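**Q** Here you go, one structure.
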Amino acid sequence: MDKKEIFLSIVLMVISMTIYILTYQFPQQTVALSPAVFPRFVSTCLFILSVALLIQGIAGVKKDSEQKKVELTLNKIFIIRLLLMIILAFFYTQILPLAGYIIATPPFLAGAMLLFNEKRWFRVMAVSIITTALLYILFRIVFKVFLPRFSLF
Amino acid sequence: MSAIIQGFLYVLYPLHFLFLLLGVAGGIIVGALPGLTASVGIILLLPLAYQLDPSTAMVMLCGEFCGAMYGGSISAILIAIPGTPSAAATVLDGYPLAQKGEAGKAIGIATISSAAGGIISTFCLMFIGPRLARLALKFGPEEYFALMIFGLTIIASVSGKSLVKGLISGFFGLLIATIGLDPVTGYARFSFNMPNLMAGFPFLPVLIGLFAISQIFIQLEAVGEKIKHFRQKIRNVLPSFKELKNLATVIIASSFLGTFIGIIPGTGGTIASFLAYSEAKRWSKNPDSFGKGNIIGVAAPEAANNGTTGGAMIPLLSLGIPGDVVTAVMLGILPLIGISPGPLLFKEHPEIINSIFAGMLLANVLILLLGILSVRLFPQVLMTPDAILFPVIFALCFLGAFSLNNSVYDMFIALIFGVIGYIMKKNNFPAAPVVLGVILGPIAEDELGRALIISHGDWTVLFQSPIAIFFYVISIFSLLSSLKRQFSIHPKTK
Numbered sequence: 001m002d003k004k005e006i007f008l009s010i011v012l013m014v015i016s017m018t019i020y021i022l023t024y025q026f027p028q029q030t031v032a033l034s035p036a037v038f039p040r041f042v043s044t045c046l047f048i049l050s051v052a053l054l055i056q057g058i059a060g061v062k063k064d065s066e067q068k069k070v071e072l073t074l075n076k077i078f079i080i081r082l083l084l085m086i087i088l089a090f091f092y093t094q095i096l097p098l099a100g101y102i103i104a105t106p107p108f109l110a111g112a113m114l115l116f117n118e119k120r121w122f123r124v125m126a127v128s129i130i131t132t133a134l135l136y137i138l139f140r141i142v143f144k145v146f147l148p149r150f151s152l153f
Numbered sequence: 154m155s156a157i158i159q160g161f162l163y164v165l166y167p168l169h170f171l172f173l174l175l176g177v178a179g180g181i182i183v184g185a186l187p188g189l190t191a192s193v194g195i196i197l198l199l200p201l202a203y204q205l206d207p208s209t210a211m212v213m214l215c216g217e218f219c220g221a222m223y224g225g226s227i228s229a230i231l232i233a234i235p236g237t238p239s240a241a242a243t244v245l246d247g248y249p250l251a252q253k254g255e256a257g258k259a260i261g262i263a264t265i266s267s268a269a270g271g272i273i274s275t276f277c278l279m280f281i282g283p284r285l286a287r288l289a290l291k292f293g294p295e296e297y298f299a300l301m302i303f304g305l306t307i308i309a310s311v312s313g314k315s316l317v318k319g320l321i322s323g324f325f326g327l328l329i330a331t332i333g334l335d336p337v338t339g340y341a342r343f344s345f346n347m348p349n350l351m352a353g354f355p356f357l358p359v360l361i362g363l364f365a366i367s368q369i370f371i372q373l374e375a376v377g378e379k380i381k382h383f384r385q386k387i388r389n390v391l392p393s394f395k396e397l398k399n400l401a402t403v404i405i406a407s408s409f410l411g412t413f414i415g416i417i418p419g420t421g422g423t424i425a426s427f428l429a430y431s432e433a434k435r436w437s438k439n440p441d442s443f444g445k446g447n448i449i450g451v452a453a454p455e456a457a458n459n460g461t462t463g464g465a466m467i468p469l470l471s472l473g474i475p476g477d478v479v480t481a482v483m484l485g486i487l488p489l490i491g492i493s494p495g496p497l498l499f500k501e502h503p504e505i506i507n508s509i510f511a512g513m514l515l516a517n518v519l520i521l522l523l524g525i526l527s528v529r530l531f532p533q534v535l536m537t538p539d540a541i542l543f544p545v546i547f548a549l550c551f552l553g554a555f556s557l558n559n560s561v562y563d564m565f566i567a568l569i570f571g572v573i574g575y576i577m578k579k580n581n582f583p584a585a586p587v588v589l590g591v592i593l594g595p596i597a598e599d600e601l602g603r604a605l606i607i608s609h610g611d612w613t614v615l616f617q618s619p620i621a622i623f624f625y626v627i628s629i630f631s632l633l634s635s636l637k638r639q640f641s642i643h644p645k646t647k
């Protein structure tokens with residue numbers, strides 16, 4: 001029995017059923033293709049495939065050694081690193097419009113480098129500042145791409 | 154002929170040539186670095202591609218595609234880790250050659266074979282592409298719908314280990330595509346009155362998240378692992394004339410094999426290189442030497458995987474359906490740089506087509522030059538620390554997501570799909586079918602809607618055209634062959 005597959009299949013079943021039910025709110029079209037036809041077809045197929053995945057999960061297909069090896073590496077430290085990276089990236093997307101590209105990017109890059117286990121502070125600072133400067137020059141000055149700027153209001 | 158010369162003149166214009174060079178060199182580096190693939194390389198070049206005119210952008214992306222396909226062989230030979238999946242077969246003989254102290258020769262042969270494979274396949278593209286496009290110009294909505302159905306069956310071919318998981322990924326992609334305005338009636342589906350959702354999920358951030366950001370999360374797992382380095386001195390890059398003469402037949406045959414495999418939607422470099430390797434071994438007078446450092450074992454897969462580049466571009470440019478994962482990514486991003494792949498591209502924008510032909514030929518010449526001249530730099534490329542590489546890539550991903558619409562929302566979507574892509578990869582759900590679903594789903598729905606409007610709602614119109622029936626038949630054949638392959642690979646799952 002593969003609990004992860006069973007869990008994923010149940011999530012997918014719920015999603016496909018929700019999608020199917022939501023299509024009843026769509027207006028009916030008689031001349032050509034109704035907006036509900038395609039989502040209904042897709043959600044039905046997804047539901048059937050989720051059932052197949054559920055059966056596969058219950059039948060407990062043996063995991064190969066590669067999968068086992070991958071799972072072993074998913075240790076606690078890695079999970080913390082991963083969560084911190086996602087949080088860092090999320091904050092970057094939120095702070096960027098307020099702080100601007102030049103101010104928000106070096107801390108983001110430095111944080112990401114630290115999470116990749118870079119311990120040399122000089123290297124962290126140098127790479128984060130130089131990369132930000134290079135990207136800014138290339139995209140803002142050379143290609144005239146609008147990049148968010150710091151603004152108090 | 155004059156059209157091709159015009160293409161060459163366009164690409165050889167210094168600024169355009171510079172971007173081609175950037176594409177090829179960037180492709181080689183991306184291909185050589187384990188963990189980064191040609192698809193990721195193309196995504197990383199996108200912020201730059203928006204700023205260029207369509208022909209230059211396309212030339213750069215094609216250069217990247219060819220370069221990355223070759224670059225995979227470098228790490229395969231030097232440290233026995235294929236930079237891209239299609240270089241996996243090159244490890245078999247490339248690494249034993251490096252262990253014997255002949256890394257230079259192995260890279261030299263890989264370079265020559267890759268360039269030859271790419272050039273031969275580009276000639277095939279130049280010959281077959283326009284003819285196929287001319288045929289496709291006769292297609293109506295019902296034929297296009299059938300073609301898209303065939304395109305969607307590619308999902309089964311790129312499903313990897315589990316067909317069920319591959320199909321789930323594909324239908325997940327189709328589901329994503331249903332969010333936003335319905336192409337036929339204009340009704341906003343699943344938008345929940347949120348203006349951002351009315352336009353559906355922006356495709357590019359979805360792509361950046363699924364392919365690039367998810368890979369950054371995966372690379373976090375490798376933190377602390379010891380990195381393999383290559384410490385020998387690379388010398389004697391060029392093989393002797395006699396060796397080249399002996400390899401010529403294998404290189405030419407493998408190039409054509411790769412091109413043919415590339416044309417078949419849903420295949421790609423990995424299948425082509427292993428097939429070419431096994432064929433070369435089968436036809437060899439000394440098959441026992443394979444796996445122990447036989448130069449033919451390097452030439453055959455490298456000629457074949459670069460042979461797929463031109464082959465995969467044939468269905469992409471002529472029909473608007475992808476030949477492999479990389480061209481699936483290209484199919485999604487071409488409209489963003491102002492190119493609509495399909496038969497009309499040949500009719501309405503021949504200048505783009507000619508620059509693609511010339512660009513691909515010159516890209517392979519550049520591979521030859523860069524591969525031979527900069528071979529001593531390759532071990533240094535492989536020493537790039539992850540702690541610098543991946544944070545910089547992360548910043549580029551966000552910049553790419555932002556720069557299309559100047560939207561922070563797009564960056565947020567890229568992050569969300571990065572997390573989804575990571576969960577998918579960890580649970581062996583392939584990402585490529587999602588891309589196919591997202592791209593081909595709306596086109597299929599649109600063409601179906603058009604066909605039904607023309608026929609006043611008569612569904613039988615879909616089965617009246619012989620061309621459409623042909624596509625349905627090969628779709629069924631494609632699905633059945635995927636099923637057969639699935640059960641032959643995993644007999645225990647029966």
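Protein chains in written order, with the numbering used here: chain C, 1 to 153; chain D, 154 to 647.
Glycine residues also receive a C-beta, built at the ideal position from the N, C-alpha and C atoms.
None of these values were measured; they are calculated from a predicted model.
Are the C-beta of residue 28 of chain C and some C-beta of chain D separated by less than 8 Å?
**A** By this cut-off, residue 28 of chain C is not an interface position.
**Q** Is there a C-beta anywhere in chain D that falls below 8 Å from the one on residue 49 of chain C?
**A** So yes, residue 49 of chain C belongs to the interface.
**Q** Taking DSSP as the reference, what is the three-state secondary structure of residue 646 of chain D?
**A** Low confidence applies to residue 646 of chain D: its pLDDT is 42, below 50, so where it sits in the model is not reliable enough to give any reading.
**Q** Under 8 Å between the Cβ atoms of residue 181 of chain D and residue 224 of chain D?
**A** For residue 181 of chain D and residue 224 of chain D, yes; Cβs fall inside 8 Å.
**Q** Please identify the residue among C:12, C:75, C:4, C:104 whose C-alpha is closest to the C-alpha of residue 60 of chain C.
**A** Comparing Cα positions, the closest option is C:4.
**Q** For the putative contact between residue 147 of chain D and residue 186 of chain D, defined by C-beta atoms under 8 Å, what is the C-beta separation to the nearest angstrom?
**A** The question about residue 147 of chain D has no answer, for chain D in this structure spans 154 to 647.
**Q** If we cut at 8 Å on Cβ distances, does residue 86 of chain C have a partner in chain D?
**A** Closer than 8 Å: yes.
**Q** Quick check: the Cα distance between residue 605 of chain D and residue 298 of chain D, rounded to an integer number of angstroms?
**A** When rounded, the distance between both Cα atoms is 11 Å.
**Q** Does any CB atom of chain D fall closer than 8 Å to the CB of residue 33 of chain C?
**A** True, the Cβ-Cβ gap to chain D drops below 8 Å.
**Q** Give, in chain order, every residue of the region 579-599 of chain D whose Cβ lies closer than 7 Å to some Cβ of chain C.
**A** Residues 580, 598.
**Q** Please report how far the alpha carbon of residue 235 of chain D lies from the alpha carbon of residue 79 of chain C, in whole angstroms.
**A** Using only the alpha carbons, I get a separation of about 27 Å.
**Q** Do you know how far the Cα of residue 547 of chain D is from the Cα of residue 646 of chain D?
**A** Here residue 646 of chain D scores only 42 on pLDDT, less than 50, and its place in the model is too uncertain to base an answer on.
**Q** Do residue 498 of chain D and residue 506 of chain D come within 8 Å of each other at the CB atom, strictly closer than that value?
**A** Cβ distance < 8 Å, so residue 506 of chain D and residue 498 of chain D count as in contact.
**Q** Do you know whose CA, among C:97, C:6, C:85, C:54, lies nearest residue 109 of chain C's CA?
**A** Nearest of C:97, C:6, C:85, C:54 to residue 109 of chain C, Cα basis: C:85.
**Q** Given 8 Å as the limit, is there contact between the region 596-613 of chain D and the region 332-350 of chain D, that is, 3 or more CB pairs closer than that?
**A** Short answer: they touch.
**Q** Measuring only between beta-carbons, confirm whether residue 327 of chain D sits less than 8 Å from chain C.
**A** At least one chain C Cβ lies under 8 Å of residue 327 of chain D.
**Q** Using C-beta distances below 6 Å, list every residue in its chain close to residue 23 of chain C, excluding the 5 sequence neighbours before and after it, in chain order.
**A** Excluding residues within five positions, the ones whose Cβ falls inside 6 Å are 36, 39, 40.
**Q** Just to confirm, is the Cβ distance from residue 554 of chain D to residue 540 of chain D under 8 Å?
**A** No, the pair does not count as a contact, with Cβ atoms beyond the cut-off.
**Q** Use the C-beta contact count for residue 208 of chain D: other C-beta atoms within 10 angstroms, 16 or more gives buried, fewer gives exposed.
**A** Answer is buried; the Cβ neighbour count reaches 16.
**Q** Give me the Cα-Cα distance between residue 523 of chain D and residue 178 of chain D, rounded to the nearest whole angstrom.
**A** Those two C-alpha atoms are separated by around 8 Å.
**Q** Any beta carbon of chain C sitting closer than 8 Å to that of residue 342 of chain D?
**A** With 8 Å as the cut-off, residue 342 of chain D counts as an interface residue toward chain C.
**Q** Are three or more beta carbon pairs between the region 549-564 of chain D and the region 344-361 of chain D nearer than 8 Å?
**A** They touch, by the three-pair rule.
**Q** Interface residues of chain C around residue 377 of chain D at Cβ under 8 Å?
**A** Near residue 377 of chain D (Cβ distances below 8 Å), the residues of chain C are 117.
**Q** What runs of the alpha helix (DSSP H), each 4 residues or longer, lie entirely inside the region 69-124 of chain C?
**A** Within the region 69-124 of chain C, the complete alpha helix (DSSP H) runs of at least 4 residues are 76-99, 101-115.
**Q** Hey, would you say residue 429 of chain D sits closer than 8 Å to residue 411 of chain D, going by beta carbons?
**A** A contact, by the Cβ cut-off of 8 Å.
**Q** Rounded to the nearest angstrom, what separates residue 163 of chain D and residue 136 of chain C at their Cα positions?
**A** Taking the straight line joining both Cα atoms gives about 29 Å.
**Q** Could you tell me which chain C residues have their CB closer than 9 Å to the CB of residue 559 of chain D, listed as they occur along the chain?
**A** Result: 145, 146, 147, 148.
**Q** Is there at least one Cβ from chain C nearer than 8 Å to residue 647 of chain D's Cβ?
**A** Because residue 647 of chain D carries a pLDDT of 38, less than 50, the predicted location of this residue cannot be relied on, and the following value inherits that uncertainty. Not an interface residue.
**Q** Look at the Cβ atom of residue 649 of chain D, then the Cβ atom of residue 414 of chain D, and state whether they are nearer than 8 Å.
**A** What is shown of chain D runs 154 to 647, which leaves residue 649 of chain D out entirely.
**Q** Strictly by DSSP, which residues pair up with residue 333 of chain D?
**A** DSSP lists D:342 as partners of residue 333 of chain D.
**Q** Closest by CA to residue 95 of chain C, which one among D:621, D:391, D:590, D:564?
**A** The shortest C-alpha separation from residue 95 of chain C is found at D:564.
**Q** Compile a chain-ordered list of the residues in the region 517-542 of chain D whose CB is closer than 7 Å to at least one CB of chain C.
**A** Answer set for the region 517-542 of chain D: 539, 540, 541.
**Q** Strictly below 7 Å CB to CB, what residues from chain A border residue 39 of chain C?
**A** Absent from the structure is chain A; the protein chains it does hold are C and D.
**Q** Pop quiz: residue 371 of chain D and residue 578 of chain D are said to be a contact at Cβ under 8 Å. What is the actual Cβ separation, rounded to whole angstroms?
**A** Indeed, because the Cβ distance is near 6 Å, the residues count as touching under 8 Å.
**Q** Using a Cβ cut-off of 7 Å, pull out every chain C residue sitting near residue 324 of chain D, in sequence order please.
**A** Within chain C, the residues near residue 324 of chain D are 42, 45, 46, 49.
**Q** Mark residue 229 of chain D as exposed unless 16 or more other C-beta atoms lie within 10 angstroms of its C-beta, in which case mark it buried.
**A** Classification for residue 229 of chain D: buried.
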